[in-house]
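Under full-length UniProt numbering, the first residue of the sequence shown is numbered 1, with each subsequent residue one higher.
Input: a single structure, listed below in structure tokens.
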Amino acid sequence: MSYFKRNEGAIIFALASVGFIAFYCINYYIRRCRDRAAAAEDTEEARMSPRRPPRGLDAEAIESFPSFIYTEARGIEPGIGELECVVCLNEFKDDETLRLVPPCVHVFHADCVDIWLSHSSTCPICRANVAPLLIESLD
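Below, the structure written as structure tokens:
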């Protein structure tokens, strides 16, 4: 009996340690399962929700905006000095193709504003919406 009393403290400590480790493992497993279920629910919800339509314009609509060569525009309007494209921040150079955004009459490099308008339907400078103009011109 004295042998049992000597090891009683060690046995209690060992049982408490095993219980603590078991509690920690079960708690970890429950959290992991709950996180997986939440992630699967979010994925399913995202998959089932309606997707937003693209906010930019299609290539045909962008090409319908007037384009011209910078040298020609300077010849028509002598007051036009060195201007810059606010999309790329480079100055316009002779023989570069520019595109005019009709509602607000702002001018940009054609390549720069084409990329912009494929992602957004607003003017890069004043944020005027160019999509309603396209709908009106098609009618």
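Just so it is clear, CB atoms sit at the ideal spot from N, CA and C, and this is done for glycine as well.
Secondary structure of isoleucine 21 (DSSP, three-state): helix. Each of Asn129, Ile125, Ser121 and Ala128 was checked against the Cα of aspartate 58, and the nearest Cα belongs to Ser121.
In the DSSP assignment, serine 67 falls within the unbroken beta strand (DSSP E) covering 67-69. In the assembly as shown, tyrosine 24 is an exposed residue. Its beta-carbon has fewer than 16 other beta-carbons within 10 Å.
In terms of CA proximity to valine 86, Cys112 leads the group Cys112, Pro102 and Ser67.
Taking every protein chain shown into account, the CB of histidine 109 has 16 or more other CB atoms within 10 angstroms, so this residue is buried. Annotation for leucine 117: the continuous alpha helix (DSSP H) segment containing it runs 110-119. Straight through space, the alpha carbons of asparagine 7 and asparagine 27 are spaced by roughly 30 Å.
Take the alpha-carbon of isoleucine 30 and the one of glycine 9: they are about 32 Å apart. Between the C-alpha atoms of isoleucine 11 and glycine 19 there is a straight-line separation of about 12 Å. Bounds of any alpha helix (DSSP H) do not take in alanine 128, whose DSSP letter is neither H nor E. Per the coordinates, the alpha-carbon of cysteine 33 lies some 39 Å from the alpha-carbon of histidine 119.
With 16 or more neighbouring CB atoms inside 10 Å of its own CB, valine 107 falls in the buried class.
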